[in-house]
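Residue numbers (the numbering used here): 18 to 351.
Okay, structure coming up:
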């Protein structure tokens, strides 16, 4: 058999290349913190990691949507609580206006009621990131619809508007609250299989025909105007009929406020369900991230030891190689 230096060098260089590749792999693991440094390594584990990452990314998409929804729902709850407090104030002001000796202050009470009515309409137009909260799916000006009869008196691009129509005996002030939105549900995907309604409908807060606002306007008209439709003067007294009318209307306001309170409570339970789903998805992502980390991340201590071993092997191999290079064919024959 023929023996040459080249046959020895070829085996040595192949062994040296393997050691260098192993050393580079351990250095890459230590640098990146990842166990798998190439697609050819552990394909089954790599497939599991990809599946976990896909599920985590999908959950993150739902989490972004749910987080925005929760923020919007919190704004809506605060707004509804403010409106409930305003209705209570209007009711109390109406009661105060019927008390003996209040005739000289009726115009003041009326102005307070009108101011709170305007405030209530303003809250009904509350929005989150430019989307109104209580107008169903009509959340921007382009989707609002105005009744043709009310259109000549409308001047805003908001879903709720306090307008003034020609006065009548029944409505001497001509005040009217109109609604240009709808009562459709707005739905969010909590995950790939379940949805949740995230909005409060106008009819649940104010009645299907704006009954809450109409009752407040009737209270205002009774306090501010005489039965013949003329403005009350400071010397005009309320009649017993006026007091009975206001007494009946303030009791109706109590019913409206109770309905609003029930709506807030129902919406609160809906918020809790969405928040629970947010927590569940967050915890699921944490668990999957931990599993992914176990499969994908390198064991730093073990990798450091492996790298040290490869460095030692490389150093030893280089020393052996240096001795081999000095030998001739006659050295092998001896």
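The C-beta atom is built at its ideal place from N, Cα and C for all residues, glycine as well. From a predicted model like this one, the values you see are computed outputs, not experimental measurements.
By Cβ distance, which residues of its chain are closer than 6 angstroms to residue 208, with the 5 residues on each side in sequence left out? As a working note, residue 208 is residue 191 in the chain shown. Excluding sequence neighbours, residue 208 sits near 79.
For chain D, check one thing: does any of its Cβ atoms lie closer than 8 angstroms to the Cβ of residue 107? This model lacks chain D altogether, as it is built from one protein chain only.
Burial state of residue 241, where buried means 16 or more other Cβ atoms lie within 10 Å: One-based indexing of the chain shown puts residue 241 at position 224. With at least 16 other beta carbons inside 10 angstroms of its own, residue 241 counts as buried.
Which whole-angstrom value is the C-beta distance of residue 155 and residue 266, which I expect to be below 8 angstroms? Mapped onto the chain shown, residue 155 falls at position 138. Mapped onto the chain shown, residue 266 falls at position 249. About 30 angstroms; that fails the 8 angstroms criterion.
Distance, residue 248 Cα to residue 202 Cα: Position 185 of the chain shown, counted from the first residue, corresponds to residue 202. Position 231 of the chain shown, counted from the first residue, corresponds to residue 248. Here the C-alpha atom of residue 202 lies approximately 43 angstroms from the C-alpha atom of residue 248.
What's the C-alpha gap between residue 99 and residue 89? Translated into the one-based positions of the chain shown, residue 99 becomes position 82. Translated into the one-based positions of the chain shown, residue 89 becomes position 72. Going from the Cα of residue 99 to the Cα of residue 89 covers about 16 angstroms.
Are the segment 265-283 and the segment 169-188 in contact at 8 angstroms, needing three or more beta carbon pairs? Verdict: no, contact absent.
Once you ignore the five residues that flank residue 301 on each side, which residues in its own chain have a CB closer than 7 angstroms to its CB? As a working note, residue 301 is residue 284 in the chain shown. When the five nearest sequence neighbours on each side are left out, the beta carbons in the same chain lying within less than 7 angstroms of the beta carbon of residue 301 are those of 76, in order along the chain.
Residue 212 lies in the beta strand (DSSP E); which residues open and close that run? As a position in the chain shown, residue 212 is number 195, starting the count at 1. Where residue 212 is concerned, the enclosing beta strand (DSSP E) stretches over 212-214.
Contact defined as beta carbons within less than 8 angstroms: I believe residue 295 pairs with residue 84. What is the distance between those atoms, to the nearest angstrom? In the chain shown, the residue the question calls residue 295 occupies position 278. In the chain shown, the residue the question calls residue 84 occupies position 67. About 7 angstroms separates the two Cβ atoms, so the contact holds.
Checking 8 angstroms against the spacing of the C-beta atoms, do residue 151 and residue 222 come in under that value? Locating residue 151 in the chain shown gives position 134, where the first residue counts as 1. Locating residue 222 in the chain shown gives position 205, where the first residue counts as 1. The answer is yes: Cβ separation under 8 angstroms.
Buried versus exposed, by CB contacts within 10 Å (16 or more), residue 153: Counted from its first residue, the chain shown places residue 153 at position 136. Classification for residue 153: buried.
Own chain partners of residue 162 with C-beta closer than 6 angstroms, once the 5 adjacent residues on each side are dropped: Position 145 of the chain shown holds residue 162. Answer for residue 162: 197, listed in chain order.
Report the CB separation of residue 200 from residue 171 in whole angstroms; it is logged as a contact under 8 angstroms. Numbered from its first residue, the chain shown carries residue 200 at position 183. Numbered from its first residue, the chain shown carries residue 171 at position 154. Between residue 171 and residue 200 the Cβ distance is about 19 angstroms, and since that is not below 8 angstroms, they are no contact.
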